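Residue numbers (our numbering), protein chains in the order written: chain H, 8 to 272; chain X, 8 to 272; chain D, 8 to 272. By construction, the Cβ of each residue, glycine as well, lies at the ideal position given by its N, Cα and C atoms. Everything numeric in this text was worked out from a predicted model, so none of it was measured.
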Amino acid sequence: MIITLLTDFGLADPFVGVMKGVIYGINPEAEIVDLSHEPPAYDVKEAAFLMKCSYRYFPRGTIHVVVVDPGVGSKRRPLLATTDYYYFLAPDNGVLSYLFAADEVRGVIHITATHYFLKPVSATFHGRDIFAPVAAYLSRGIPPTSFGEEIQDWVRLEVPLPRRQANGSLEGEVVRLDRFGNLITSIEERDIAALLGGKSADSLRIKVGEHKIVGLSACFAEGREGQPGAIIGSFGHLEIFVKEGSAAERLGAGRGDRILLELVK
Amino acid sequence: MIITLLTDFGLADPFVGVMKGVIYGINPEAEIVDLSHEPPAYDVKEAAFLMKCSYRYFPRGTIHVVVVDPGVGSKRRPLLATTDYYYFLAPDNGVLSYLFAADEVRGVIHITATHYFLKPVSATFHGRDIFAPVAAYLSRGIPPTSFGEEIQDWVRLEVPLPRRQANGSLEGEVVRLDRFGNLITSIEERDIAALLGGKSADSLRIKVGEHKIVGLSACFAEGREGQPGAIIGSFGHLEIFVKEGSAAERLGAGRGDRILLELVK
Amino acid sequence: MIITLLTDFGLADPFVGVMKGVIYGINPEAEIVDLSHEPPAYDVKEAAFLMKCSYRYFPRGTIHVVVVDPGVGSKRRPLLATTDYYYFLAPDNGVLSYLFAADEVRGVIHITATHYFLKPVSATFHGRDIFAPVAAYLSRGIPPTSFGEEIQDWVRLEVPLPRRQANGSLEGEVVRLDRFGNLITSIEERDIAALLGGKSADSLRIKVGEHKIVGLSACFAEGREGQPGAIIGSFGHLEIFVKEGSAAERLGAGRGDRILLELVK
Chain H
8 MIITLLTDFG LADPFVGVMK GVIYGINPEA EIVDLSHEPP AYDVKEAAFL
58 MKCSYRYFPR GTIHVVVVDP GVGSKRRPLL ATTDYYYFLA PDNGVLSYLF
108 AADEVRGVIH ITATHYFLKP VSATFHGRDI FAPVAAYLSR GIPPTSFGEE
158 IQDWVRLEVP LPRRQANGSL EGEVVRLDRF GNLITSIEER DIAALLGGKS
208 ADSLRIKVGE HKIVGLSACF AEGREGQPGA IIGSFGHLEI FVKEGSAAER
258 LGAGRGDRIL LELVK
Chain X
8 MIITLLTDFG LADPFVGVMK GVIYGINPEA EIVDLSHEPP AYDVKEAAFL
58 MKCSYRYFPR GTIHVVVVDP GVGSKRRPLL ATTDYYYFLA PDNGVLSYLF
108 AADEVRGVIH ITATHYFLKP VSATFHGRDI FAPVAAYLSR GIPPTSFGEE
158 IQDWVRLEVP LPRRQANGSL EGEVVRLDRF GNLITSIEER DIAALLGGKS
208 ADSLRIKVGE HKIVGLSACF AEGREGQPGA IIGSFGHLEI FVKEGSAAER
258 LGAGRGDRIL LELVK
Chain D
8 MIITLLTDFG LADPFVGVMK GVIYGINPEA EIVDLSHEPP AYDVKEAAFL
58 MKCSYRYFPR GTIHVVVVDP GVGSKRRPLL ATTDYYYFLA PDNGVLSYLF
108 AADEVRGVIH ITATHYFLKP VSATFHGRDI FAPVAAYLSR GIPPTSFGEE
158 IQDWVRLEVP LPRRQANGSL EGEVVRLDRF GNLITSIEER DIAALLGGKS
208 ADSLRIKVGE HKIVGLSACF AEGREGQPGA IIGSFGHLEI FVKEGSAAER
258 LGAGRGDRIL LELVK
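Spelled out as structure tokens, the structure:
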């Protein structure tokens, strides 16, 4: 059984390694995969987006664990959410909001069964003391309902969805930068298809600040050196890129910046 | 059998991956966990502290491998230390000093059985040529005594322990910064309990440079935005933090800086 | 069966984790090892050198996957190269050039069997959509020839080999910096042996810019604090180092810089 880990612990500290030690101590057969440990510290929205992009690529039954948890040790609840294919363990701080928005969640349990926790439970490291052992017991086949009682009032954050303007254009925003400096936007392939309504992608005009991009590139290599281009990225979102360069640097753009899509008449 | 790796190799170079290749070549059943590969280069003390914080969270029989080794290729000896629960492989440079100080070590072997090494043994990468293959053979059940002869004169570094001052206050120091900028101190929960002698934690006054902190927070979320707080961290050490910020930056403090604990009369 | 991953994806994005999800979905028994995910973005030469240094340390049958792929989504072909001991999956952009130069390759297949790919195949992430699933099926025993047809006209990049000067000296170059600031050169141990022709290494004079180094050190610890030394590194290449410091900083040297080896008369 696969357990994925998405935390803001970084890799310099031994936090992630220690979580793995706890998991293997309970289930030596677990297969653990690191999704990312380097979203900015405390950045719940970034973690939420990374999970949205990733979870579908894992086999059925995978347990996805998110520990980006500025409220650790306070009253925020630890959650176990189930979908048709996956389990998600996360603090109740909205980090699963994309899942809730997509209406994929079949049930959410507030984890209260302390006999599965590592004792003593610290006030600062629930990744080790709660989420790791619960993930490990869950991967051994303990049913979700054993870990607590079902709830309905979990925290939802607003997820940035593109909006149709009065003039018909589509407004989205940059939701993250990747390592290559690509600007990943809130606009998905299906949003663009709806905007185009059968027209060719060549009729698209994409505005990022002062910059205007015409049409979509089929691949990164197609762009002109140093010039911004637009592409449907690997997770189905519109991305602004610069061929073998950084769009973030070239365009001076960052998270939250507005992206506007229009059609040529 | 689990083998953990703690090195200063970083992850940009393929050193760690190559060690894993060597281990799997000898024991395909090994389960390898990365503890950290990013302590500052050559920083034996930092690695010693990271290992102290981590090793207990792994299942019995785990083999912990430390390769922070400025003396690689010189006459410094490769060691195999055993405790009641674990094995430790490390260079004889004091990186296991916390273990020795805690009196947990049952025996130390100077590894000399060259027929277990990868040939030719390089002068610069004993992680690959000595520690990885010895860890792999050990994980296959070869008894520790097969790897060399017992010694008593291993290197010990002084570990930073808190000291009681003449006026009754307790003096410790910052032993490391974590990714969040928290200042982790040499003062442990039990030291504070001894200082308090039954009094409430509210009577604690903690001095870091010019800054004074009153009492202990129960969790990070309890702090006031931008203000330093003190907490018992996840590894049982007193930590100075700033809510959703960096205590190191806010207080201008770093490793080696003095921390003073006093009781209000 | 071991699958290694060498990409320029970094670890902040979930790209690598997602590739692992795809692999485990096809072959739950695969053992995945990260070689490095932090060569500079798009740096095919750096990745080629890292692979050259690493692949031999893995057990027979290991599948080495390289995804440093500025041409992803364009017409560049995905390749499967086989040697006597290993499989290599990589884009046809020269990233396997050291293997080709060493004449170790027994056959190269242009991967065209799209029924093994993850659908829909994106234009930007062949690591997930082509290389990961092909690696996973290959690790399950599907024969290489099932993935496409043999080709001969793959891309080769010139690999930096040291050159003998008219005056008998040997000219090489810095091919990479490691984490410690060591300068790794294109000059290998056997090149030095040929230059020495039986003479002692003490008669070597090594020039890096203005700096001159005499002879070879047997280990890093042997150097004088702050002074540059030369050593045969762990992958058999001549390296310039500074004891417990950074040679790159101390000598102001970087990749591509010339290194000259002479013999004292």
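Check                                                                                                                               : Outcome
Minimum length 4: unbroken alpha helix (DSSP H) runs contained in the region 73-124 of chain D                                      : 104-108
Residues in the region 207-236 of chain D having any Cβ partner in chain X nearer than 9 angstroms                                  : Ser224, Ala225, Cys226, Phe227, Ala228, Glu229
Integer-rounded CB distance, given that isoleucine 199 (chain H) should sit under 8 angstroms from glutamate 246 (chain H)          : At roughly 12 angstroms, the Cβ-Cβ gap does not stay under 8 angstroms, so glutamate 246 (chain H) and isoleucine 199 (chain H) are not in contact.
Paired residues, beta bridge with phenylalanine 248 (chain D) - DSSP                                                                : D:Gly236
Residues, ordered as in the chain, of the region 236-256 of chain H that lie near chain D by beta-carbon distance below 7 angstroms : Ile238, Gly240, Ser241, Glu251
Chain X contacts from the region 49-69 of chain D (Cβ-Cβ distance under 9 angstroms)                                                : Leu57, Met58, Cys60, Ser61, Tyr62, Arg63, Tyr64, Phe65, Pro66, Arg67, Thr69
Check whether threonine 131 (chain H) and glycine 240 (chain X) have beta carbons under 9 angstroms apart                           : yes
Uninterrupted beta strand (DSSP E) stretches inside the region 153-240 of chain D (no shorter than 3 residues)                      : 155-157, 177-184, 190-195, 211-215, 218-221, 235-239
Three-state secondary structure assigned by DSSP to histidine 133 (chain D)                                                         : helix
Residue-level contact to chain D via CB, proline 46 (chain H), 9 angstroms cutoff                                                   : yes
Phenylalanine 248 (chain D) and phenylalanine 187 (chain D) closer than 9 angstroms at C-beta                                       : yes
Reference arginine 183 (chain D), options D:Val51, D:Pro127, D:Met26, closest by Cα                                                 : D:Val51
Cβ-based contacts, 7 angstroms cut-off: residues of the region 15-31 of chain H near chain X                                        : Phe16, Gly17, Leu18, Ala19, Asp20, Pro21, Gly24, Val25, Lys27, Gly28, Val29, Tyr31
Separation of leucine 103 (chain H) from aspartate 110 (chain H), as counted between CA atoms                                       : 11 angstroms
Three or more C-beta pairs below 8 angstroms linking the region 58-68 of chain X and the region 57-72 of chain H                    : no
Under 9 angstroms (Cβ pairs) to chain C, residues found in the region 186-200 of chain H                                            : In the structure shown, chain C cannot be found, because the protein chains are H, X and D.
Which listed residue (X:Asn189, X:Pro150, X:Pro151, X:Ser193) has its alpha carbon closest to that of arginine 171 (chain X)        : X:Ser193
Validate contact between the region 137-145 of chain H and the region 27-40 of chain H using beta carbons, cut 8 angstroms, 3 pairs : yes
Residues near arginine 163 (chain D) by beta carbon distance below 7 angstroms, same chain, minus five either side                  : Gly101, Ser104, Phe107
9 angstroms Cβ cutoff met for valine 73 (chain X) and threonine 89 (chain X)                                                        : no
Spatial distance of isoleucine 213 (chain H) from proline 167 (chain H) (CA atoms)                                                  : 18 angstroms
Closest by C-alpha distance to phenylalanine 56 (chain D), when choosing among D:Lys250, D:His244, D:Val271, D:Gly261               : D:His244
Pairwise C-alpha distance: valine 40 (chain D) and isoleucine 9 (chain H)                                                           : 16 angstroms
Residues that serine 43 (chain H) contacts on chain D, provided the C-beta gap is smaller than 8 angstroms                          : Leu18, Ala19, Asp20, Pro21, Gly24
Identified DSSP bridge partners for serine 43 (chain X)                                                                             : X:Leu13
Under 8 angstroms from the C-beta of threonine 90 (chain X): neighbouring residues of chain H                                       : Near threonine 90 (chain X) there are no residues of chain H at all, since even the closest Cβ is about 15 angstroms away, more than 8 angstroms.
Under the three-state DSSP convention, the category isoleucine 70 (chain X) falls into                                              : strand
Chain D contact for leucine 13 (chain H) (CB, 9 angstroms cutoff)                                                                   : yes
Residues bridged to arginine 265 (chain X) [DSSP beta-bridge criterion]                                                             : X:Glu180
Limits of the alpha helix (DSSP H) - the one that valine 128 (chain H) falls within                                                 : Run containing valine 128 (chain H): none; DSSP gives neither H nor E here.
Cutoff 9 angstroms: isoleucine 9 (chain X) Cβ touching any chain H Cβ                                                               : yes
Three-state secondary structure assigned by DSSP to arginine 36 (chain H)                                                           : Here residue 36 (chain H) turns out to be glutamate, not arginine, going by the sequence shown. Coil at glutamate 36 (chain H), not helix or strand.
Whether leucine 270 (chain H) touches leucine 202 (chain H) by CB criterion (9 angstroms)                                           : yes
Leucine 18 (chain D) in three-state terms, based on DSSP                                                                            : coil
Selection from X:Ser129, X:Ile266, X:His218, X:Phe154 that minimises the alpha carbon distance to alanine 120 (chain X)             : X:Phe154
Chain D contact for valine 162 (chain X) (CB, 9 angstroms cutoff)                                                                   : no
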